[in-house]
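Just below is one structure, and these are the notes that go with it.
Numbering (my numbering), first residue to last: 721 to 1025.
In structure tokens form, the structure reads like this:
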């Protein structure tokens, strides 16, 4: 039997060096794009429709969410209940929070695997992601709901770019366009648009369409995606990056418009946000953020005189 030749040490070393160089080039390009964006915004007037994230200032910083032992992940605002929802994934729970970051109730999640994101869709209706299996699970939540079982829920699996634990990290919903935005954390970092799920009339036939734009997403000068938020008023998408310590505002074509930094000394922060996991925006434009380990933040834009 003929044995396969082992790769020569020099070849292995050169291959590793080439891989490191490619990664370094990618990081440098993102840094260059971010620097160019910052320089560009100094002289380019902000669009009247832009949210203007750079104007936001922190009002609640690193408030501990008392009563949780597991790290929180993701955040969504419920305009009907006027509260927030997050998920934990070790001992899987859906947790309702007040706008001050206090626990209102906890709902056990059964069979959800690795829940990583939650998004409000309509009254009593939410979508929860299972990161590793890339499932989108539609759930209904009543006032007396004590637990949710994935086996009883309508769900779909995308099964695209499967790569271990780098799955679906964020959700955002456009109630007018009926689009569900799904963020893949990285490797590759992508934002999908899902049309046709969650649908509202299961008795009628429907088709699910998944759209992505790798060229657009490559223009985001961040290293990962942790959470998404869709702003109905402007039609803009907010993308949170934990590794870059940044919230990025994207217009309808995916072009960056403004940023909110999560680093010490920026936006009034006394310390860097340690591990940003979820963002949400209420009807007044107030931004809420959660970070591991179970920290709660509120950012507001000062009133215009």
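Beta carbons: idealized from backbone N, C-alpha and C, even for Gly.
DSSP places residue 934 in the uninterrupted alpha helix (DSSP H) bounded by 934–937. Within its own chain, the residues whose Cβ lies closer than 7 Å to the Cβ of residue 832, once the five positions on either side in sequence are excluded, are 812, 848, 850, 857, 870, listed in chain order. Within a 10 Å sphere around the beta-carbon of residue 809 sit 16 or more other beta-carbons, which makes this residue buried. Looking only at 981, 862, 1013, 997, the smallest Cα-Cα distance to residue 775 is reached by 981. Beta-bridge annotation (DSSP): residue 890 is paired with 903.
In the structure shown, the three-state DSSP call for residue 770 is coil. The beta carbons of residue 873 and residue 889 sit about 20 Å from each other, so the pair does not count as a contact at 8 Å.
For residue 843, the CB contacts under 7 Å within the same chain, skipping 5 residues up- and downstream, are 800 in chain order. Residue ranges of uninterrupted beta strand (DSSP E) with 3 or more members, entirely inside the stretch 936–990 and ordered along the chain, are 947–951, 956–961, 966–970, 976–981. If you look at residue 854, you'll find it isn't in any beta strand (DSSP E); DSSP assigns it neither H nor E. CA-to-CA, the gap between residue 803 and residue 816 works out to about 7 Å. A residue is called buried once 16 or more other Cβ atoms fall within 10 Å of its Cβ, and residue 830, having fewer, is exposed. By the Cβ neighbour-count rule, residue 1010 is buried, with 16 or more other Cβ atoms within 10 Å of its own.
Look at residue 870 here: in three-state DSSP terms it is helix. Across the structure, residue 992 and residue 984 are spaced so that their CA atoms are roughly 4 Å apart. Residue 977 sits away from residue 959, with the two beta carbons spaced by 8 Å or more.
Judged by beta-carbon spacing, residue 867 lies beyond the 8 Å limit of residue 837, meaning their Cβ atoms are not closer than that value. Around the beta-carbon of residue 927, fewer than 16 other beta-carbon atoms lie within 10 Å, marking it exposed.
Looking at 997, 1019, 996, the one whose alpha-carbon comes closest to that of residue 1007 is 1019.
When 947, 935, 1012 are compared, the shortest CA-CA separation from residue 974 is found for 935. For residue 912, the uninterrupted beta strand (DSSP E) run begins and ends at 910–915, by DSSP.
Residue 931 and residue 796 have their C-alpha atoms roughly 23 Å apart. By the beta-carbon neighbour count (other beta carbons within 10 angstroms, threshold 16), residue 778 is buried. When 1014, 953, 994 are compared, the shortest CA-CA separation from residue 771 is found for 953.
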